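Accompanying notes for the structure given below.
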Amino acid sequence: MACAAISVGFTIPQLLRGTSRIFPTHSALVVLRHSAFCYCTVNGTTKSKIKMDHLERTANNFRQEMISQAKVCGIASESETVKRLRLAVINKDFTFKAGQWVDFFIPGISVVGGFSICSSPGLLERDGILELAVKNALHPPAHWIHTECAPGSEVALRVGGDFFFDPQPGDPPVKVVLVAGGVGINPLFSILLHVADLHESQERKGGGYKMGTVSLYYSAKNTNELLFKKNILGLMDAFPGKIMCRFHVTQQHSQICRELQPHVTEGRISEEDLKKHVSKDTLWYICGPPPMIESVSRLLANIGVPQDCVFFEKWW
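Counting from 1, position 212 in the sequence shown corresponds to residue 212 in full-length UniProt numbering; the numbering is continuous, with no gaps.
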C-alpha cells in the first residue's frame, strides 16, 4: 500500500477516499434527515461488510482533510475487555461532531484503526482532549492499544463519519432516543455527553440550542459489560427528567448492585419500550451488532417511525 508522509512525525497509509464532499452549512437536522450513512437498509436487510477493513468499509463516508498528531495522556480499564484511551490532540483546529469516528494511525503499524469517539466535542474544545473506548481484539490497532500503548505514546487521528448529532441554535427542539448494544454505546455516549453540554449551556447562559429530552436504551450481556454506567447514572442525576436511561441485560447470572437495580431490566429491548417515545419530533440513533440494528429497525418500522428519522452506525 502506498504511503504518504504527513507532518506528524511518521508516515501513514494513504487513505481510501471518496471524500471531496463536506458538510453543508444549512441545518444539521436537515443534513441528518437526508444523509446516507455507512450502511443502508435495502429490502429490510442491513448489508454487512464484515470482511472489509475500516478504510474499505468507510471509503464513501465523509472524512476531514485534517490529520492531527495526538499523545496518549491516560489509559484506564472501562471493563475486563475494554480500554478507555485519553488523547491530547495537538492541532488546535481539530474538531468533530458527536457520534463521529476517527481513523487511528499508529507508528510502525500499516493497518489503520477505526474507532468511534466516546467523549463530547465540548471536552475537546475546553481541554483539547478526545477519548476512545476500544475492545480487545486481534485486529492490530486494537491489539496495540491493549498490549503496547502507554502514556506518552504518539498516534495520529483523522475524523470521519456521517452519523452525528449537531443541532444549531436556530434549529427546532427535538427529542432523541439512543439505542445501544455492547460497545456500540461509544458514539451514542458521545451524543449523550453533547446533549448534557447543551442542557448545561441552556441552564447557565439561557441561550444556544434548546434541547428536548434524551432517552438511552443500552443492552449488554451483563452489568459488568455496561460501559460508562457510572457516568450515565451521574448524567441522570445531574439532569433529572431531561436525560433518562434503561439498561437491559440478557445473560445476567450475578446479583445486580443496588445502585443499578432501579435502572436495569432483564431481557431485550422491546417494542413496548420504544413505543412510548414515538412522536413527530423524535430522532432515533442505533449503534450495535448488525442483528440488533436489524431487529430494532424492524421494531421502529412496526410502530410507525418514519425511516428518515432513524439513523444507525454499524462497525461489525
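Built from N, CA and C at the ideal position, the CB exists for glycine as well. Predicted model only: the values in this text are computed from it and were never measured.
Query - Secondary structure, alpha helix (DSSP H): runs of 4+ residues fully inside the region 240-285 - result: 271-275
**Report entry** For residue 240 and residue 94, the rounded distance between their alpha carbons
**Finding:** 33 Å
Query raised in the report: Helix, strand or coil: which one does DSSP assign to residue 137?
Result: coil
Query raised in the report: Near residue 199, which residues of its chain fall below 7 Å by C-beta distance, leaving aside the five closest residues on each side in sequence?
Result: For residue 199, where only same-chain residues beyond five positions count, the Cβ hits under 7 Å are 211, 239, 242.
Query - residue 59 (DSSP reduced to helix, strand or coil) - result: In the three-state DSSP reduction, residue 59 falls in the coil class, being neither helix nor strand.
Query raised in the report: According to DSSP, which residues form a beta bridge with residue 294?
Result: Residue 294 pairs with nothing; no bridge assigned.
**Report entry** Span separating the alpha-carbon of residue 134 from that of residue 105
**Finding:** 14 Å
Report task. Pick helix, strand or coil for residue 145, following the three-state DSSP scheme. Result -> Three-state DSSP puts residue 145 in a helix.
Query raised in the report: Who pairs with residue 159 in a beta bridge, going by DSSP?
Result: 102
Query - Cα-Cα separation, residue 222 to residue 269 - result: 14 Å
Report task. With a cut-off of 8 Å on the beta carbons, I'd call residue 62 and residue 160 a contact; round off their distance for me. Result -> Your pair residue 62 and residue 160 checks out as a contact, with CB atoms roughly 6 Å apart and the cut at 8 Å.
Query raised in the report: Do you know how far the Cα of residue 166 is from the Cα of residue 207?
Result: Using only the alpha carbons, I get a separation of about 16 Å.
Report task. Give the DSSP-derived three-state secondary structure of residue 94 in the structure shown. Result -> In the structure shown, residue 94 sits in coil (DSSP, three-state: anything other than H, G, I, E or B).
Report task. Locate the beta strand (DSSP E) running through residue 116, then write down its first and last residues. Result -> Annotation for residue 116: the continuous beta strand (DSSP E) segment containing it runs 109-116.
Query - Cβ-based neighbour list, residue 116, same chain, cut-off 6 Å, excluding 5 preceding and 5 following - result: 101, 186, 187
Report task. Measure the alpha-carbon distance for residue 54 versus residue 60 and round it to whole angstroms. Result -> 11 Å
Query - Where residue 39 falls: helix, strand or coil (DSSP) - result: Note that residue 39 scores a pLDDT of 30, beneath 50, so its modelled location is shaky; the value from the coordinates is reported in the next line. Three-state DSSP puts residue 39 in coil, outside helix and strand.
Requested in this report: Identify, in the order they occur along the chain, each residue of the same chain with its Cβ nearer than 7 Å to the Cβ of residue 209, setting aside the five sequence neighbours on each side.
Outcome: The residues 167, 168, 169, 171, 198, in chain order, have a CB closer than 7 Å to that of residue 209 in the same chain once the five nearest residues on each side in sequence are set aside.
Requested in this report: Note the first and the last residue of the continuous beta strand (DSSP E) segment covering residue 189.
Outcome: Residue range 185-205 is occupied by the alpha helix (DSSP H) that includes residue 189, with no beta strand (DSSP E) assigned at that position.
**Report entry** Among 109, 183, 233, 176, the one whose alpha carbon lies nearest that of residue 83
**Finding:** 183
Report task. Inspect the beta-carbon positions of residue 285 and residue 248 and report whether they are closer than 8 Å. Result -> no
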